[in-house]
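Q:
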Amino acid sequence: MRIGIDRIGTYIPSEVLPAEVLADAREIPVGKLKQGLGVHAMAVVPPWEDTVSLAANAALRALGDTVSVEEIGLCIVGTESGVDHSKPAAIFVHELLGLPSTCRTYEVKHACFGGTAALLTAMDWIASGSARGRKALVIASDIAKYPPGSAGEPTQGAGAVALVVSEDPALVEMDRSCTGVFAGQVHDFWRPLDQTQAIVDGKYSVDCYLEALEHAFADYARQQEGRDDADQPLSDRFARLVFHAPFPRMASKAHARMVVSDWKAHAARSLELPDDLTDLVERDAQARVDPTLWANQLIGNTYTASMYFGLAGLLEREATELEGKLLGFFSYGSGCCSEFFAGRVVAGASRVAGEIGLGEMIDRRKEVSMAEYERHHAKPDLRAMESPEKPGSHFSGPIYFSGTTDEKRTYAAQERGASFVR
Ligand code: HMG
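By the count of the numbering used here, the sequence shown reaches residue 855 at its end, each step adding exactly one.
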């Protein structure tokens with residue numbers, strides 16, 4: 434059975450803080466943000482947007498005019514910035530989209546791995562026969578928030594990616610037969626129940642990510658041994674490598690760690706490698722990783738959605754030349770659980786990828802000043818917001834958070850975008 438990603442919808446908040454403004458205010462060299470971390474701008478969340486509205490707006494774009502809500506039998510939201518300890522973001526999305534009452538609906542969490550957990554579960558649901566021909570709606574939606582002035586601050590961001598997962602997918606057919614997993618308890622990044630901002634041991638978290646990648650890729654490689662193509666290192670089989678990108682340079686570090694050990698292992702058998710691998714690794718990253726990072730550079734970390742923004746950006750720009758080619762994915766969630774897996778871009782994918790529209794949404798955002806960013810960042814716990822500000826004219830929408838009544842969260846759809854609302 435061919436199963437995978439049929440459609441992708443993306444959504445980002447309507448405001449943005451350029452790296453120059455943050456660097457200037459915090460007295461950090463802008464080169465550290467742009468070259469050192471790969472961060473050129475980060476999404477800023479105005480008071481009328483939250484994890485639910487981001488998810489619902491991405492989902493509307495994924496369904497478009499092509500997929501009817503009656504076709505959806507499973508709706509999973511992967512997030513680590515949910516709006517309630519008990520009530521899932523997914524059930525708000527269920528109502529906002531008008532999904533059928535027979536659609537199984539829930540939220541999953543394992544830090545940034547939550548979106549991947551949802552995708553893998555959705556594919557298993559289809560493969561098991563439970564789907565009975567229906568499709569799954571998988572949404573990764575998050576707001577990445579660290580304390581102002583902390584080392585993590587430049588690696589904030591927000592956004593959502595929604596995937597329609599189905600049989601005979603139009604975009605990417607996933608290889609479900611082989612995935613490499615690594616999980617283990619580490620305290621690299623976490624957010625206690627009473628806090629809105631993450632606690633992170635930054636440098637340690639980078640080491641945990643890289644170690645998890647090594648183990649997950651080794652697990653993947655072990656399973657590939659029977660199918661080994663001896664002429665080519667395993668990591669060279671992927672036309673592009675899409676890594677979880679908490680900051681874009683992390684993906685370059687990940688690529689270097691993965692290919693150098695893979696190439697060296699292969700060199701022991703058949704390949705001549707130069708003594709200084711640096712140039713080779715850099716050229717390879719420019720060709721196979723950089724094309725996945727342009728959107729992440731302008732949005733920032735989106736936790737569960739980060740790797741899927743990489744995929745959406747890649748397909749938006751390169752689907753035509755990638756049709757028929759294999760992509761490698763590495764998903765990492767702090768704490769930690771990680772997985773390396775692969776998927777092939779489907780022939781004809783460029784027709785669907787042409788509708789993603791991520792670049793256009795990025796260009797439409799309003800640049801905010803440091804004062805506006807700090808005001809939004811300091812906004813109180815959303816539970817306390819009975820009536821937040823109404824969306825500004827730059828809002829892409831249409832769905833926004835309209836406040837709480839009797840401790841119940843409410844959402845509304847803006848008139849201008851009403852054509853999206855079913
Ligand atoms: P830091 O201490 O601010 O930065 O922390 P640094 O001193 O390590 O510098 C960063 C890079 O900039 C270095 O490059 C510097 O050399 C360079 P590198 O050595 O790494 O190649 N640099 C410059 N470059 C050009 N011009 C300059 C300049 N100055 C310095 N003038 C850190 C960085 C990422 C640790 C921090 O931002 C942080 O704590 N971020 C949050 C945690 C994080 O993103 N961790 C990533 C792995 S864990 C993960 O991915 C999971 C996560 O997404 C959560 C989840 O799963 O839910 C976070």
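Ideal placement from N, C-alpha and C gives every residue a C-beta, glycine not left out.
1) Whole-angstrom Cβ separation of Leu553 and Arg440, contact assumed at under 8 Å?
2) So what's Phe853 in DSSP terms, helix, strand or just coil?
3) What are the boundary residues of the alpha helix (DSSP H) that Lys841 is part of?
4) Does ligand 1 have a heavy atom nearer than 7 Å to the CB of Ala550?
5) Assign Glu528 to one of two classes, buried (16 or more other C-beta atoms within 10 Å of its C-beta) or exposed (fewer than that).
6) Keeping to the same chain, check which residues put their C-beta closer than 6 Å to that of Ala544; ignore five residues upstream and five downstream.
7) Excluding the 5 residues preceding and the 5 following Lys542 in the sequence, name in chain order all residues of the same chain whose CB lies nearer than 8 Å to its CB.
8) Are at least three pairs of beta-carbons, each pair with one atom in the segment 450-459 and one in the segment 782-790, less than 8 Å apart?
9) I need the straight-line Cα distance from Arg494 to Met683, nearest angstrom please.
10) Tell me the rounded alpha-carbon separation between Val854 and Thr538.
11) Could you say which of Lys520, His688, Met475, Phe742 lies nearest to Ala595 if we only look at CA atoms?
12) For Ala573, which residues in the same chain have their Cβ closer than 6 Å to its Cβ, ignoring the five residues on either side in sequence?
13) To the nearest angstrom, report how far apart Gly790 and Asn729 are at their CA atoms.
14) Within 7 Å: the Cβ of Gln468 and any heavy atom of ligand 1?
15) First and last residue of the alpha helix (DSSP H) that includes Thr554?
16) Excluding the 5 residues flanking Gly850 on each side, which residues of the same chain have their C-beta closer than 6 Å to its C-beta?
17) Alpha carbon to alpha carbon, how far is Gly437 from Val598? Give it in angstroms, no decimals.
18) What I want to know is whether the C-beta of Pro679 ends up closer than 7 Å to one or more non-hydrogen atoms of ligand 1.
19) Excluding five sequence neighbours on each side, which residues of the same chain lie with their C-beta closer than 7 Å to the C-beta of Arg567?
20) Buried or exposed, going by whether 16 or more other CB atoms sit within 10 Å of the CB of Ser852?
21) Quick check: what's the CA-CA separation for His779 versus Pro602?
22) As a quick exercise: from Val614, Glu606, Met607, Val639, pick the residue whose alpha carbon is nearest that of Asp621.
23) DSSP state of Val478, grouped into three classes?
24) Arg655 to Asp717, Cα distance in whole Å?
25) Counting Cβ pairs closer than 8 Å, one from the segment 475-482 and one from the segment 831-840, do we hit at least three?
26) Can you tell me whether Met683 sits near ligand 1, meaning its C-beta is under 7 Å from at least one heavy atom of the ligand?
27) Can the beta-carbon of Ala631 be found closer than 8 Å to that of Lys578?
28) In whole angstroms, what separates the C-alpha of Arg807 from that of Val801?
29) Can you give, in chain order, each stretch of the alpha helix (DSSP H) that sits fully within the segment 507-546 and has at least 4 residues?
30) What is the DSSP secondary structure of Pro724, counted as helix, strand or coil?
31) Determine the contact status of Thr443 and Asp575, defining contact as a CB-CB distance below 8 Å.
32) Could you have a look at Cys770 and say whether DSSP puts it in helix, strand or coil?
33) Note down the Cα distance separating Leu570 from Val500, rounded to an integer number of angstroms.
34) Pop quiz: Ala678 and Leu755 are said to be a contact at Cβ under 8 Å. What is the actual Cβ separation, rounded to whole angstroms?
35) Tell me, please, which residues DSSP counts as bridged to Glu448.
36) By Cβ distance below 8 Å, which residues in the same chain neighbour Val463 in space, the five residues on each side in sequence not counted?
A: Put simply:
1) About 18 Å separates the two Cβ atoms, so there is no contact after all.
2) The predicted model places Phe853 with a pLDDT of 41, which falls under 50 and marks its position as unreliable, so this point remains unresolved.
3) It is not in any alpha helix (DSSP H) - Lys841 instead sits in the beta strand (DSSP E) that spans 841-846.
4) no
5) exposed
6) Only residues of its own chain outside the window of five on either side were considered, and among them Glu513, Gly766, Ser767, Gly768 have a CB closer than 6 Å to the CB of Ala544, listed in chain order.
7) Gly511, Thr512, Glu513, Gly515
8) no
9) Rounded to whole angstroms, Arg494 to Met683 spans 29 Å at the Cα level.
10) Any reading at Val854 must be qualified, since the residue scores a pLDDT of 44, below 50, and its modelled position is unreliable; no value is offered.
11) Phe742
12) Gly511, Gly548, Val594, Thr737, Ala738, Tyr741
13) In a straight line, the C-alpha of Gly790 is about 15 Å away from that of Asn729.
14) yes
15) 547-561
16) Confidence in Gly850 is poor, its pLDDT being 45 and thus under 50, which makes the residue's placement too unreliable to answer from.
17) 6 Å
18) yes
19) Glu504, Ile505, Gly506
20) Residue confidence is low: Ser852 scores 39 on pLDDT, short of 50, so the model does not pin down where it sits. Its coordinate-derived value is still stated next. When all chains shown are included, Ser852 counts as exposed.
21) Sequence check: residue 779 is Val here, not His. Their Cα atoms are separated by approximately 8 Å.
22) Val639
23) coil
24) 24 Å
25) yes
26) yes
27) yes
28) Position check: residue 807 holds Glu in this sequence, whereas Arg was assumed. The alpha-carbon atoms of Glu807 and Val801 are separated by roughly 10 Å.
29) 522-530
30) helix
31) no
32) strand
33) Roughly 10 Å between the two C-alpha positions.
34) Actually they are not in contact, since the Cβ atoms of Ala678 and Leu755 sit about 18 Å apart, beyond 8 Å.
35) Val477, Lys799
36) Ala452, Glu453, Ala456, Asp457
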